[in-house]
Structure formats: C-alpha cells, structure tokens
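Engineer: The structure is given below, and queries will be raised subsequently.
Numbering (the working numbering), first residue to last: 414 to 540.
Structural data, given as structure tokens:
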C-alpha cells in the first residue's frame, strides 16, 4: 500500500500559534517549533503518491497523558492538528489541506514528545 510517514517534534497547541490583535502573526513559540520541525523533518516514502486524489491522514501524538499524580492531562488533540498540517503543506509540494477527506488522531502515552503522520491516497486504500 502506498503511503508516506513523517515524524515531527510535538507541535504547540493551536492556542499558542498566533499573537496580535489587529494583525495576527506567528508567536515566538510557533516560530521556535517551526525551526525545530524543519531541523527534525523526516519523511519516509513507501511508494509514489501523486497527490491528486483525496487523502487519508493518520496523526499519532506521543506525549505524557497523565500527571505525576496519575490524573489525565487536559490536552485536546484537535489543537495540535493545525500546526502539523500547515507545516506539512509547506514542505510537501502536492499536499494541500483541502484534499484531506479523512483525518484520524490518536494520543499515546509516551515521553517522546513527537507526532507521527501517515498519509495515503484514498484510491490506494482497500475498501
């Protein structure tokens, strides 16, 4: 099955991406992550993807899910998708977020603080 896999550092939350009131601009936290993501950008290609089809994107977040006291951390996975997808759209020529038809996200309890992304064209996925 044709797909690509990408590993990035854990992005900042959507709440931290932009600053400014009248003119929105990238926050220092977001700029720092973009530079770090650029340095650590890894892509693994299993075959050729044309980018002309609808896309299925799986995003797996690896970070601690529990506090030291064992309580669930309040981390909304949807708040991390924006920075991840926007970065990839700037790095992968054929990737445009409007082509994503299916997106799934999952959190994993881990100390890694990374995000792994798998992108497949829907025509290449068995029904």
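All C-beta atoms in this analysis are idealised placements derived from N, C-alpha and C, irrespective of residue type, glycine included.
No experiment lies behind these values; they were computed from the predicted model shown.
Measuring CB to CB, does residue 496 end up less than 8 Å from residue 422?
Structural biologist: Position 83 of the chain shown, counting from 1, holds the residue named residue 496. Position 9 of the chain shown, counting from 1, holds the residue named residue 422. Result no, Cβ atoms of residue 496 and residue 422 do not sit closer than 8 Å.
Engineer: If we count the other Cβ atoms within 10 Å of its Cβ and call it buried at 16 or more, is residue 515 buried or exposed?
Structural biologist: The residue you call residue 515 lines up with position 102 of the chain shown. Exposed, because fewer than 16 other Cβ atoms sit within 10 Å of the Cβ of residue 515.
Engineer: Does residue 493 pass the burial test, meaning 16 or more other C-beta atoms within 10 Å, or should it be called exposed?
Structural biologist: Taking the first residue of the chain shown as position 1, residue 493 is located at position 80. Buried, by the Cβ-count rule.
Engineer: With C-beta atoms as the reference, is residue 533 less than 8 Å away from residue 447?
Structural biologist: Taking the chain shown and counting its residues from 1, the one referred to as residue 533 is at position 120. Taking the chain shown and counting its residues from 1, the one referred to as residue 447 is at position 34. No, Cβ-Cβ distance for residue 533 and residue 447 is not below 8 Å.
Engineer: Which residues share a DSSP beta bridge with residue 534?
Structural biologist: Taking the first residue of the chain shown as position 1, residue 534 is located at position 121. According to DSSP, which records beta bridges pairwise, residue 534 is partnered with 468.
Engineer: Leaving out the 5 sequence neighbours to the left and right, which residues in its chain are closer than 7 Å to residue 510 when beta-carbon positions are compared?
Structural biologist: Here residue 510 refers to the residue found at position 97 when the chain shown is read from its first residue. Cβ within range, chain order: 498 and 502.
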